[in-house]
Amino acid sequence: MTEHVDRSEPEAAGAPTAVAVTPADAADAARLVAFGLQPKLQPARDQEYADLLRRHREDPAFARLADAVAAGLGLVVLEVSPRAGMAVTAAEDSVFAVRMGDYARRTAADSGDRFLHGLAHLAVAALAFPRPEDLSDDGYIGRVTVNGVDAFVRQACRRLEERAEERGENTDPATDAPGLEAAWRIWARRSATGATKDARRPAASTTGIVAKALAFLTDSGFLQRTGDESGGTYRTTARYQLQVRDMAGSAALAELLELGIVPMAGGTPSLLPAEDGDDLDLVADAGLPFHS
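Mapping of the sequence shown onto the numbering used here: position 8 corresponds to residue 9, and the numbering continues sequentially without gaps.
Written out as structure tokens, the structure reads:
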């Protein structure tokens, strides 16, 4: 009688077991990304969204799947949290990317004014988060106004003019000059408010350009309108803070902040007062921004 010897190899203790991704998992991951593409949707007001965010946080495999779905759509995941939802931004080659030409057409802006709209967006970001610690503090909320942003840009124009004069540049900058140097003369010459027969704000005025930029950011879920004072008052959202963090290293934003127009006093940014005799063509009641 022979003894039976079991030659089968024992299962390795503790070996990880691969979990197959089901169509339902893929659908849930895509659903989460779809929620992230609705910037005004707040997780606190949608139970399914909140549940998927919790699953992303607690289930690493599901998190990798959702992030992969986003990457496949050309989206960069900035943060996934209850405060911001699934905050995504479009990569340059993504079908979801909004280009300045598209933005200009959406706002009915003249193609020649595209760089002025870009400058308005830079100014909003600089005023909303003027210090690095403002961007790193999740509880920080920035507040801006239409008239305050225009006043800020006009003071930036004056600073850039002074810098050009110090270098002996008395003519318009060349076409290959840095963006801010090329833009300040045109913004400074443009009327802040203009005039229409029915007292509306002309779209081509500088406050009109700022108003369109702020309205676009509001529609995109980056700002929330809080009132009508000073041409319109707005507060930042968690998504906008993440977006500005992502662009904080841009040369244009850094150059704008380095002009030193938003000094901090007691934690509250404000514009430097104009020098005596300076006529910066500021609108009445500029409504400079306050922050909490």
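Cβ coordinates follow ideal geometry from the N, Cα and C atoms, glycine included. Source: prediction; values computed, not measured.
{"Query": "Close-in-space but distant-in-sequence residues of the same chain around TYR235 (CB under 8 Å, 5 per side omitted)", "Result": "ARG144, VAL145, THR146, LEU215, LEU218, THR219, LEU224, GLN225, ARG226, THR227"}
{"Query": "Which of helix, strand or coil DSSP assigns to GLY73", "Result": "helix"}
{"Query": "Same chain, Cβ closer than 8 Å to ALA21, five either side skipped, listed in chain order", "Result": "none"}
{"Query": "Member of ALA88, GLU167, LEU66, LEU117 whose CA lies at the smallest distance from the CA of PRO24", "Result": "LEU66"}
{"Query": "Through-space distance from GLY75 to GLN39, alpha-carbon basis", "Result": "16 Å"}
{"Query": "Contacts around ASP212, its chain only, beta-carbon distance under 7 Å, and the 5 residues preceding and following it disregarded", "Result": "It should be noted that the sequence gives Ala, not Asp, for residue 212. Around ALA212: VAL147, ARG202, GLY232, GLY233."}
{"Query": "Contact test: ALA28 Cβ vs the ligand MN heavy atom, cutoff 7 Å", "Result": "This structure does not include the ligand MN; it has no bound ligands of any sort."}
{"Query": "ALA200 versus GLN242 - alpha carbon distance", "Result": "With a pLDDT of 45 at ALA200, under the threshold of 50, the modelled position of this residue cannot be trusted; read the value that follows with caution. Taking the straight line from one Cα to the other gives about 34 Å."}
{"Query": "Proximity below 8 Å, CB of ARG190 to CB of SER206", "Result": "no"}
{"Query": "Start and end residues, beta strand (DSSP E) containing TYR235", "Result": "234-237"}
{"Query": "8 Å Cβ cutoff met for ALA71 and VAL89", "Result": "yes"}
{"Query": "Straight-line gap, ILE210 to CYS158 (C-alpha atoms, nearest Å)", "Result": "16 Å"}
{"Query": "Nearest candidate by alpha-carbon position, reference PRO92, set ASP229, VAL77, ALA85", "Result": "The identity of residue 92 in the sequence shown is Ala, whereas the question assumes Pro. When each option's Cα is compared against that of ALA92, the closest is VAL77."}
{"Query": "Residue from ALA35, ARG186, TYR50 with nearest C-alpha to LEU120", "Result": "ARG186"}
{"Query": "Between the CA atoms of LEU161 and ASP1 - distance to the nearest angstrom", "Result": "Given that the chain is displayed from residue 2 to residue 293, the structure contains no residue 1 and the question cannot be resolved."}
{"Query": "Residue span of the alpha helix (DSSP H) that contains THR194, given as start and end", "Result": "First-last for THR194: undefined, no H or E at that position."}
{"Query": "Under 8 Å between C-beta atoms of ALA98 and VAL245", "Result": "no"}
{"Query": "Nearest to ALA31 (by Cα), restricted to the options GLU49, ALA45, GLN43, LYS41", "Result": "GLU49"}
{"Query": "Extent of the continuous beta strand (DSSP E) run through VAL89", "Result": "86-91"}
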